[in-house]
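Novice: Residue numbers (the numbering used here), protein chains in the order written: chain A, 318 to 382; chain B, 318 to 382; chain C, 318 to 382; chain D, 318 to 382; chain E, 318 to 382; chain F, 318 to 382.
I'd like to ask you about the structure that follows.
There are 6 protein chains.
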Amino acid sequence: MPYVNIKITDDGVTQAEKKALIQGTTKLLQEVLNKDPQSTFVVIDEVDTDNWGIGYETVTEIRKG
Amino acid sequence: MPYVNIKITDDGVTQAEKKALIQGTTKLLQEVLNKDPQSTFVVIDEVDTDNWGIGYETVTEIRKG
Amino acid sequence: MPYVNIKITDDGVTQAEKKALIQGTTKLLQEVLNKDPQSTFVVIDEVDTDNWGIGYETVTEIRKG
Amino acid sequence: MPYVNIKITDDGVTQAEKKALIQGTTKLLQEVLNKDPQSTFVVIDEVDTDNWGIGYETVTEIRKG
Amino acid sequence: MPYVNIKITDDGVTQAEKKALIQGTTKLLQEVLNKDPQSTFVVIDEVDTDNWGIGYETVTEIRKG
Amino acid sequence: MPYVNIKITDDGVTQAEKKALIQGTTKLLQEVLNKDPQSTFVVIDEVDTDNWGIGYETVTEIRKG
């Protein structure tokens, strides 16, 4: 019964990429800890780059360089 | 001072349903643990069905059957 | 497929009280949004009163009055 | 390597205010715990006032008075 | 700059298993979204089986069968 | 009604340091967004260094360097 929350910046992540994250995480938990995929939840949060900060700057600013 | 976070899929949940979740959770914490409703926070996150995975599939795919 | 996280202070909450929180939350989501209890996760975090702050004070201090 | 998540209501918070929250939090962790700003993440979640409840009411209702 | 939080039950997960979860998640984000491993945080929370509920029961009860 | 969650590694953070984090965060939200300290919650999670990964390594390993 794992629950995994993945927070990434909102950069036009595609449906295929989201599915790859969900499948990869579910497989990892099955391989490492033998967790049942049917009770593994993966939730992806896409965060606006104005709302994510590192090193005193927003990601919006970091990307502008 | 409880803090409750409810994550559900983004399926057109109405204002009335959100209020029912907030009231039911607050009442539960008051009844079970005698917590003061005035310092009980309930935050509801509505998650896109593309961003929620169970059993190697997104909820979008599961619903399509 | 809801996921609910309940954060409360670590005050000797009993197994019976935890079960009451889990059952009440699961029932609420079934009644309000028709969510399947078998795919409703409830996770309770018990937080040390030194680690929870409100109004510039820790809960430890607030309780001492 | 701290991770800080700030949840606030979605009330037209400006880019400048978000930056002030990010800078203030990062500076606080540097001053109090000597944490490296380059590995301090701050993520701001803006929550709809319909989705935040206190004292049996949504923030939407509380603001209407 | 992804942040990943993995919640699992507290079942004597070993250091090697934790490292495998961290490495697998970091690699997945590098492969799928080209994220820099140096700014990928993975945080594992181990939750007491009394504090995790599914289908009206705690995991403690489910395991007892 | 902000809710702030600060995740840091479990390195013997003192009560005074925790209080400084709570007070600094609460003051920041008051100054930047005019939030009422009485409804500002700050919750600090201390995470085992085995359970926090960056750049394919646990913090335990990084510190051994």
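Cβ coordinates follow ideal geometry from the N, Cα and C atoms, glycine included.
#1: Using a cut-off of 8 angstroms between C-beta atoms, extract the partners of T375/A located in chain D.
#2: How do the region 341-352 of chain D and the region 369-377 of chain C stand: do at least 3 beta-carbon pairs fall below 8 angstroms, yes or no?
#3: Going along chain D, which residues have a C-beta under 8 angstroms from V321/E?
#4: Under three-state DSSP, which class holds K324/B?
#5: Pop quiz: N267/C and N322/B are said to be a contact at Cβ under 8 angstroms. What is the actual Cβ separation, rounded to whole angstroms?
#6: Starting from V349/C, follow the alpha helix (DSSP H) in both directions and report where the run begins and ends.
#7: If you follow the beta strand (DSSP E) that D353/A is in, where does it begin and where does it stop?
#8: Give the DSSP-derived three-state secondary structure of D362/F in the structure shown.
#9: Using a C-beta cutoff of 9 angstroms, does K352/C count as contacting chain B?
#10: Please list, in chain order, the chain C residues whose beta carbon lies closer than 8 angstroms to that of Q343/F.
#11: Is it the case that the Cβ atoms of V359/D and K324/A are separated by a distance below 9 angstroms?
#12: Among D365/F, V349/F, M318/F and Q355/F, which residue has its Cα nearest to the Cα of P319/D?
#13: Comparing C-alpha positions only, which one of G382/D, G329/D, D362/D and K336/D sits nearest to V376/A?
#14: Buried or exposed for T326/D, going by 16 or more other Cβ atoms inside 10 Å?
#15: Which residues share a DSSP beta bridge with E374/E?
#16: Count the other C-beta atoms from every protein chain shown that fall within 10 angstroms of the C-beta of T357/B, then say buried if there are 16 or more, exposed otherwise.
#17: Would you call the CB atoms of V349/C and E334/B closer than 9 angstroms?
#18: Is E363/C near V330/C, with beta carbons less than 9 angstroms apart?
#19: Return no unless some Cβ of chain B is closer than 9 angstroms to the Cβ of V349/F.
#20: Rank Y373/C, G382/C and D353/C by C-alpha distance to the C-alpha of P354/F and give the top, closest one.
#21: Rounded to the nearest angstrom, what separates R380/E and D328/C at their Cα positions?
#22: Residues of chain B with CB closer than 9 angstroms to the CB of V359/F, please, in chain order.
#23: Rounded to whole angstroms, what's the CA-CA distance from L338/D to G382/A? Just pull it up for me.
#24: Looking at chain D, is there any beta carbon in it that lies within less than 9 angstroms of the beta carbon of K381/A?
#25: At a Cβ threshold of 9 angstroms, is D362/A touching chain B?
#26: Express the C-alpha separation of Q332/D and Q332/C in angstroms, rounding to a whole number.
Specialist: From the atom records:
#1: As a position in the first sequence, residue 375/A is number 58, starting the count at 1. Per Cβ cutoff of 8 angstroms: Q332, K335, K336 and I339.
#2: no
#3: The residue you call residue 321/E lines up with position 4 of the fifth sequence. Residues of chain D passing the Cβ test: none, with the nearest at roughly 10 angstroms.
#4: Translated into positions along the second sequence, residue 324/B becomes position 7. Looking at K324/B - three-state DSSP - the assignment turns out to be strand.
#5: Only positions 318 to 382 of chain C appear in the structure, and residue 267/C is not among them; the question remains open.
#6: The count along the third sequence starts at 1 and reaches residue 349/C at position 32. Q332 to L350 is the extent of the alpha helix (DSSP H) around V349/C.
#7: To locate residue 353/A, count along the first sequence from 1; it is residue 36. Looking at the DSSP string, D353/A is not in any beta strand (DSSP E), and its letter there is neither H nor E.
#8: Against the sixth sequence, residue 362/F aligns to sequence position 45. Looking at D362/F - three-state DSSP - the assignment turns out to be strand.
#9: Mapped onto the third sequence, residue 352/C falls at position 35. K352/C counts as touching chain B.
#10: Position 26 of the sixth sequence, counted from the first residue, corresponds to residue 343/F. The sequence shown places Thr at residue 343/F, not Gln. Near T343/F (Cβ distances below 8 angstroms), the residues of chain C are G370, G372 and Y373.
#11: As a working mapping, residue 359/D is identified with position 42 in the fourth sequence. As a working mapping, residue 324/A is identified with position 7 in the first sequence. Against a cut-off of 9 angstroms, the Cβ pair of K324/A and V359/D comes out as no contact.
#12: Indexing the fourth sequence from 1 puts residue 319/D at position 2. Out of D365/F, V349/F, M318/F and Q355/F, D365/F has the C-alpha closest to the C-alpha of P319/D.
#13: Here the question's residue 376/A lines up with position 59 in the first sequence. If we check each option's Cα against that of V376/A, K336/D comes out closest.
#14: By one-based count along the fourth sequence, residue 326/D stands at place 9. T326/D should be labelled buried.
#15: Here residue 374/E is taken as the residue at index 57 of the fifth sequence, counted from 1. I371/E.
#16: Taking the first residue of the second sequence as 1, we reach residue 357/B at position 40. When all chains shown are included, T357/B counts as buried.
#17: For the purposes of this step, residue 349/C is taken as residue 32 along the third sequence, with counting starting at 1. For the purposes of this step, residue 334/B is taken as residue 17 along the second sequence, with counting starting at 1. Yes. Within cutoff.
#18: To locate residue 363/C, count along the third sequence from 1; it is residue 46. To locate residue 330/C, count along the third sequence from 1; it is residue 13. Yes, these two residues count as a Cβ contact at 9 angstroms.
#19: On the sixth sequence, position 32 is the one that residue 349/F refers to. So no, V349/F is outside the interface.
#20: Locating residue 354/F in the sixth sequence gives position 37, where the first residue counts as 1. Out of Y373/C, G382/C and D353/C, Y373/C has the C-alpha closest to the C-alpha of P354/F.
#21: Translated into the one-based positions of the fifth sequence, residue 380/E becomes position 63. Translated into the one-based positions of the third sequence, residue 328/C becomes position 11. For R380/E and D328/C, the distance between alpha carbons rounds to 26 angstroms.
#22: As a first step, residue 359/F is located in the sixth sequence; it is residue number 42 there, counting from the start. The contacting residues do not exist; V359/F stays about 11 angstroms from chain B at best.
#23: In the fourth sequence, counting from the first residue as 1, residue 338/D sits at position 21. In the first sequence, counting from the first residue as 1, residue 382/A sits at position 65. If you take the alpha carbons of L338/D and G382/A, they lie about 21 angstroms apart.
#24: Taking the first sequence and counting its residues from 1, the one referred to as residue 381/A is at position 64. K381/A does not count as touching chain D.
#25: Here residue 362/A refers to the residue found at position 45 of the first sequence. Cβ-Cβ to chain B under 9 angstroms: yes for D362/A.
#26: On the third sequence, position 15 is the one that residue 332/C refers to. On the fourth sequence, position 15 is the one that residue 332/D refers to. C-alpha separation (whole angstroms): 45 angstroms.
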